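Peer 1:
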Amino acid sequence: MKKVIGNLITLTLQGYFDVLVHGCNCYCSMGAGIAKPISQTFPEAFNADKATVKGDRSKLGNYSYAAVVRRGHPITIVNAYTQFDFWSKGPRADYDAIDHVFSLIARDFGDKRIAYPLIGAGLAGGDWERIEKSINKHLNGLDHTLVVLP
27 MKKVIGNLIT LTLQGYFDVL VHGCNCYCSM GAGIAKPISQ TFPEAFNADK
77 ATVKGDRSKL GNYSYAAVVR RGHPITIVNA YTQFDFWSKG PRADYDAIDH
127 VFSLIARDFG DKRIAYPLIG AGLAGGDWER IEKSINKHLN GLDHTLVVLP
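Each residue of the sequence shown is one higher than the one before, counting from 27 in our numbering.
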């Protein structure tokens, strides 16, 4: 896992990454955390999320996505369903969902430059060390980068 300090959206728009992965809840909200600016910058990703069934627990561990072109660069925004809701107490990160969705990301986007934030460890309250191990397990040998805000 490469680690970079910067703005994930800006770096993606500048062409450093082909796939931007972020964590979503299963309620089609994208109203907080990094999901909010992603939905504003890439409304196609929000539309892909809204096209799924709101509150459907079976989305956990899966993803929706939008393929867009910005500044002549094709980008895939992956809405990874890594938590069920956004209001329950305690950590909302679902470790099994995170593990499964990153196996899918490796399968479906393994030939691309993949970037993500501290997925599941922000508002979802997950343990980053545990999440990082899962990501590394599935993306080992692939071009993937953690982007952390300064």
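Glycine included, every Cβ here is placed at the ideal spot set by N, Cα and C.
All figures in this text were calculated on a predicted structure; none of them were measured in a lab.
So, does the region 111 to 123 touch the region 150 to 168, judging by three or more C-beta pairs under 8 Å?
Peer 2: Result yes; three or more Cβ-Cβ pairs closer than 8 Å.
Peer 1: Pick out the complete beta strand (DSSP E) segments inside the region 83 to 135, 3 residues or longer, and give them in chain order.
Peer 2: Entirely contained in the region 83 to 135, the beta strand (DSSP E) runs reaching 3 residues are, in chain order, 89 to 96, 99 to 107.
Peer 1: With which residues is Cys50 paired in a DSSP beta bridge?
Peer 2: Within the sequence shown, residue 50 is the residue found at index 24, counting from 1. DSSP, once it has assigned bridges, lists Tyr107 as partnering Cys50.
Peer 1: Here's the rule: buried if 16 or more other CB atoms are within 10 angstroms of the residue's CB, otherwise exposed. What is Gln40?
Peer 2: As a working note, residue 40 is residue 14 in the sequence shown. Gln40 comes out exposed.
Peer 1: Just the C-alpha distance for Leu168 and Lys138, rounded to the nearest angstrom, thanks.
Peer 2: By 1-based counting over the sequence shown, the position of residue 168 is 142. By 1-based counting over the sequence shown, the position of residue 138 is 112. The straight-line gap from Cα to Cα measures roughly 8 Å.
Peer 1: Let's test the definition: count the other Cβ atoms within 10 Å of the Cβ of Thr108 and tell me whether it reaches 16, buried, or not, exposed.
Peer 2: For this step, residue 108 is matched to residue 82 along the sequence shown. When all chains shown are included, Thr108 counts as buried.
Peer 1: Cα separation between Tyr89 and Ile103?
Peer 2: Taking the first residue of the sequence shown as 1, we reach residue 89 at position 63. Taking the first residue of the sequence shown as 1, we reach residue 103 at position 77. Cα to Cα, the separation comes out at about 10 Å.
Peer 1: With DSSP collapsed to three states, give me the class of Lys29.
Peer 2: One-based indexing of the sequence shown puts residue 29 at position 3. Correct three-state label for Lys29: strand.
Peer 1: Leaving aside the five residues before and after Ile60 along the sequence, list all residues of the same chain whose C-beta is less than 6 Å from its C-beta, in chain order.
Peer 2: Position 34 of the sequence shown, counting from 1, holds the residue named residue 60. Same-chain partners within the cutoff: His48, Pro143.
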